[in-house]
Amino acid sequence: MARDFSWLFIAVLGAAAFYFALDFKFGTLANVGSAVYPLILSAAIVLISLYSFIFSPREEPMPTNRRAFLSVAASVAVFILLVEAVGLLPTVVLSMVIAYGGQSERRYPFFIAYACVFSVGVWLIFSYALNLPIPPFRLP
Amino acid sequence: MEDFLIGLSTAMMTQNLLACLAGVFLGTAIGVIPGIGALAAISLLLPVTFAMDPTTGIVMLAGVYYGAEYGGSTASILLNLPGTPSNAITCLDGYPMAQKGEAGVALFMTTIASFVGGSIGILVLSALTPAIVKVGMAFGAVEYFAIIVFCFVAVATIGGSDPKKNFVMVALGALLGTVGLDIYDGAERYSFGSHNLIDGLSLVPVAMGLFGLSEIIMSIRDGEQRHMRHKISFKSMLPSAQQWKRSFWPMLRGAASGCFFGPLPGTGPSVATILAYANEKKLSRRPEEFGKGAIEGVAAPESANNAAVQTAFVPTLSLGIPGTPTMAIMIGALMIHGIVPGPMLMSNEPQLFWGLVASFWIGNVLLLVINIPLIGLWVSFLNVPYRLLYPAIIILICVGSYSLKNSTFDVLVMLVVGVAAYGLRRHGFLPAPLLIGFVLSPMLEENFRRAMIMGRGEVSYLFDSPISIVTWLLTLGMVLSVLYRHQLKRLAARSLGDTTKTENH
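What follows is the structure, encoded as structure tokens:
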């Protein structure tokens, strides 16, 4: 029987959580410590995952849209790296252009113009209406 | 009645009326976009409410919720693409109606059915919540512990998909809910020395990652083109006398289904709409018309959907226990605004509770008033290509997460959760149980530990009250029914295998 390795991945996560929880306080039955609840949860995750890994048949995962996945993840990563370094407007435009790369259309001049207009709108809403202290530009 | 009038005066305040209008409008606009559901819409707009008064903020988010649920039906009817999961069933007859040239009638009936279902749901909410609050006053740690475990099991077993996968997702969510400083013994759990994790993970980035980012990655399609052919005039929207007659009882029966399933944990609007549709098909004198454009197939599920949306607030407001992921977000929103939902909410914050109930009704009237003239606008929304929408949505998610604490750490949490959720969804793991586990986890642990202190370490104390015993029996019943179904499936598969072998011989 083909195995579903996603179960094994979750079992490893559960085992890691169990291992780290061993360092928390156990307490007593009358004064349960901070270790008990995460230990119960992580043990349940490990047991169910291992059972399913061994006994459940493998189900075909949905196909990956690798380009969409990479462009969306990269777009957010760029936002994290740049927003405080260069300000909101250039970050929004760059993140949107990277995200746009997740599909096949390539009308970049039009999209960059659209992203510029959108970035100004986002800055106006979040800075003025919602008082978010985030500068439009910041020199590195 | 006096309480309701207080609520009505709160709901009629200018800022609350505007918030309700904005919520309904934005919710419908976002709900119309296929693949972006109420949960993503609420997560996206939650940061916008931080600057508002708590009542105004919650009124707006509630408007977003039922606006998105309503808006989802537009894409179901016109494109055969459900905007929200609970609108999926509307595709079955709504889209064939549109193909027959009756798109306007289907959209109009959706609006009316949503209004009828929502109004009946609000009546049930107003009557049921005070009654449950009275019972809830008697709840202690033992009862809360039993009820939250019941919720976990219900979410894992009823919500479709593989119960084992759902159980694991609930437990993973609960584990994420333990991150941070323990209030009892001061231990830092899973914070790995990072000061960003000492307060635990925030709800908004987790919800946005689970439902926003992962959904966007899954929805990007190459060469996607949508061209709406439908021109909808007011005249073309009016149903005939026969269509009104055929829709009347289905709407009421749909509302009853919504009112029953709305408050139950793990079911919510999706289950209510499916059962309302199945029930109508069974009762109909023309079952063969279902799936080919029967108006009952639109009226009943849409009424059930909105009734369930309203009654889902019953356990949320009366006990502080969410039955659906959307309600989990609403609880998070209440807590962010410094309001603790539960039995004391009605007595401590009557203007908020009854203001919310009154605003629900006003919001349903607004849905009716703005959506009939704006159907053309929603149709034109569907013409905006997704390739232009999704980069903008990613930015709103990022800025929304960032705005929580003006920190990129929350955006990083959103990214990690979103990427993990995408991977898990590809393998059939649903994100909704994880979110419910995450939100309920602190409450479950706290009540467990309090119960053990009160019982002086006696485990039997957890089964010491009639309410907890009944709840544990219901939980056990659910687990046994899953095991029984699993066993039946195995036996059926084995007997099928035996039959195939005999035939081959």
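Going down the list, the sequences are from chains A and B. Here the first sequence is numbered in the numbering used here, starting from 116 and rising by one per residue. Here the second sequence is numbered in the numbering used here, starting from 529 and rising by one per residue. Virtual Cβ for every residue (Gly too), placed ideally from N, Cα, C.
Practice task
Check the Cβ of B/Thr-936 against every Cβ in chain A and list those closer than 7 Å, keeping chain order.
Solution key: Ile-195, Val-198, Glu-199
Problem - Backbone CA spacing between A/Gln-218 and B/Leu-741 [nearest angstrom] - result: 16 Å
Handout entry: Same chain, Cβ closer than 6 Å to B/Tyr-950, five either side skipped, listed in chain order
Key = Ser-742, Ile-745
Exercise for the section: Anything in chain B within Cβ reach of A/Ala-214, meaning under 7 Å, just list it in chain order. Expected result: Tyr-918, Pro-919, Ile-922
Practice task
Confirm, please, whether the CB-CB distance from B/Ala-557 to B/Phe-909 is below 8 Å.
Solution key: yes
Practice task
With a 10 Å radius around its C-beta and 16 neighbouring C-beta atoms as the bar for buried, classify A/Phe-184 as buried or exposed.
Solution key: buried
Handout entry: Residue(s) in a DSSP beta bridge with B/Glu-716
Key = B/Leu-709
Practice task
Run down chain B in chain order and give the residues with a C-beta less than 8 Å from the C-beta of A/Ser-164.
Solution key: Val-696
Exercise for the section: Determine the chain B residues that contact A/Leu-247 at a beta-carbon separation under 9 Å, and present them in chain order. Expected result: Contact annotation for A/Leu-247 against chain B: Pro-575, Val-927, Tyr-930, Ser-931, Asn-934 [CB-CB distance below 9 Å, chain order].
Problem - Close Cβ partners of B/Thr-717 (< 8 Å) along its chain, the five nearest in sequence each way excluded - result: Checking the sequence shown, residue 717 of chain B turns out to be Arg, not Thr. Result list for B/Arg-717: Thr-706, Val-707, Gly-708, Leu-709, Asp-710, in chain order.
Exercise for the section: Please confirm whether B/Ala-626 and B/Ile-605 have their CB atoms less than 8 Å apart. Expected result: yes
Practice task
Could you tell me the distance, in whole angstroms, from the CA atom of B/Leu-766 to the CA atom of B/Lys-692?
Solution key: In this structure, the straight-line span from the alpha carbon of B/Leu-766 to that of B/Lys-692 is close to 48 Å.
Problem - For B/Val-576, the residue or residues it bridges with in DSSP - result: Partner(s): none; B/Val-576 has no beta bridge.
Handout entry: Own chain partners of B/Gly-622 with C-beta closer than 6 Å, once the 5 adjacent residues on each side are dropped
Key = Ser-604, Ile-605, Ala-634, Val-826
Exercise for the section: Can you give me, in chain order, the residues of the region 143–161 of chain A that have a beta carbon less than 7 Å from any beta carbon in chain B? Expected result: Thr-143, Leu-144, Ala-145, Asn-146, Val-147, Gly-148, Ser-149, Tyr-152, Pro-153, Leu-156, Ser-157, Ala-159, Ile-160
Practice task
Please check if any C-beta of chain A sits within less than 8 Å of the C-beta of B/Asp-710.
Solution key: yes
Practice task
Please say whether A/Ser-242 and A/Ser-210 have beta carbons closer to each other than 8 Å?
Solution key: no
Practice task
Identify which residue in B/Ala-861, B/His-723, B/Leu-656, B/Ala-979 has its Cα closest to the Cα of B/Tyr-593.
Solution key: Minimum Cα distance to B/Tyr-593 is reached at B/Ala-861.
Problem - Rounded straight-line distance, which links the Cα of B/Leu-917 to that of B/Val-907 - result: 15 Å
Practice task
Identify every residue that forms a DSSP beta bridge with A/Val-147.
Solution key: A/Gly-142
Handout entry: Alpha carbon of B/Glu-808 to alpha carbon of B/Lys-933, nearest angstrom
Key = Here the alpha carbon of B/Glu-808 sits roughly 49 Å from the alpha carbon of B/Lys-933.
Exercise for the section: Flag A/Phe-135 as yes if its beta-carbon sits less than 8 Å from any beta-carbon of chain B, otherwise no. Expected result: yes
Handout entry: B/Asp-621, enclosing alpha helix (DSSP H) - first and last residue
Key = 616–627
Exercise for the section: Sort B/Met-580, B/Phe-636, B/Val-696 by Cα distance to B/Ile-602 and report the nearest one. Expected result: Per the sequence shown, residue 602 of chain B should be read as Thr rather than Ile. Checking every option, the nearest Cα to that of B/Thr-602 belongs to B/Phe-636.
Handout entry: Among B/Thr-657, B/Leu-700, B/Met-580, the one whose alpha carbon lies nearest that of B/Leu-958
Key = The candidate whose alpha carbon is nearest that of B/Leu-958 is B/Leu-700.
Problem - Touch test, the region 159–176 of chain A against the region 727–742 of chain B, Cβ-Cβ under 8 Å, three pairs minimum - result: no
Problem - is_contact[B/Val-1007, chain A] using C-beta, thresh 8 Å - result: B/Val-1007 does not count as touching chain A.
Practice task
Count the other C-beta atoms from every protein chain shown that fall within 10 angstroms of the C-beta of B/Arg-977, then say buried if there are 16 or more, exposed otherwise.
Solution key: Answer is buried; the Cβ neighbour count reaches 16.
Handout entry: Proximity below 8 Å, CB of B/Ile-823 to CB of B/Gly-632
Key = no
Problem - Within-8 Å CB hit, B/Asp-727 to chain A - result: no
Exercise for the section: Quick one: using the 10 Å Cβ neighbour count with 16 as the cut-off for buried, is A/Leu-144 buried or exposed? Expected result: exposed
Practice task
Show which residues of chain A have a CB atom less than 7 Å away from the CB atom of B/Thr-706.
Solution key: Tyr-152, Pro-153
Exercise for the section: Using three-state DSSP, classify B/Asn-694 as helix, strand or coil. Expected result: The answer is helix: DSSP assigns B/Asn-694 an H, G or I state.
Practice task
Could you tell me if A/Phe-194 is buried or exposed, where buried requires 16 or more neighbouring beta carbons within 10 angstroms of its beta carbon?
Solution key: Buried, since its Cβ has 16 or more Cβ neighbours within 10 Å.
Practice task
Would you kindly work out how many angstroms separate the C-alpha atoms of A/Arg-222 and A/Gly-216, rounded to a whole number?
Solution key: One C-alpha to the other measures close to 10 Å.
Handout entry: Contacting positions in the region 969–983 of chain B - beta carbon closer than 9 Å to chain A
Key = Ser-969, Leu-972, Glu-973, Phe-976, Arg-977, Met-980, Ile-981, Gly-983
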